[in-house]
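Contents: one structure, followed by commentary.
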Amino acid sequence: DMGQMPGMAGGDGMMSEADMTALQNAQGAEAGKLFLTQMIAHHEGAITMAQQEIDNGQYPETVELARSIVTSQQEEIASMKKMLDE
3 DMGQMPGMAG
13 GDGMMSEADM
23 TALQNAQGAE
33 AGKLFLTQMI
43 AHHEGAITMA
53 QQEIDNGQYP
63 ETVELARSIV
73 TSQQEEIASM
83 KKMLDE
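Using my numbering, read the sequence shown as starting at 3 and increasing by one per residue.
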């Protein structure tokens with residue numbers, strides 16, 4: 003259970019069972035919007051985790067990886083928000 007792993011508690015962008023069910027049951031454009039909304043939250047959680055590594059990490063390789071994750075996730079969030087606005 004990922005919810006039991008450090009950094010994987012609720013509110014971190016991980017989808018709940020209810021979120022998964024809602025996505026599975028959604029249809030058409032609503033499904034697409036729900037997917038994008040849930041993925042934005044997921045990416046925001048990844049940015050939070052990566053930022054913790056940037057701030058506290060002791061290994062240059064993982065800090066550099068965290069920096070690249072922040073950059074790529076921010077770019078993807080911007081793309082998904084643009085799709086939601088269309």
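Ideal Cβ positions, reconstructed from N, Cα and C, are used throughout, including at glycine. Since the structure is predicted, the reported quantities are computational estimates derived from the model, not experimental observations.
Pair within 9 Å by beta-carbon distance, residue i and residue j
i          : j          : result
residue 75 : residue 43 : no
residue 36 : residue 48 : no
residue 25 : residue 17 : yes
First through last residue of the alpha helix (DSSP H) which encompasses residue i
i          : result
residue 66 : 62-87
residue 30 : 30-58
residue 22 : 19-27
Contacts around residue i, its chain only, beta-carbon distance under 7 Å, and the 5 residues preceding and following it disregarded
i          : result
residue 85 : 38
residue 78 : 45
Nonlocal neighbours in the same chain, by C-beta distance under 8 Å from residue i, ignoring five residues either side
i          : result
residue 82 : 38, 41, 42 and 45
Environment of residue i [buried if 16+ CB atoms lie within 10 Å]
i          : result
residue 55 : buried
residue 68 : buried
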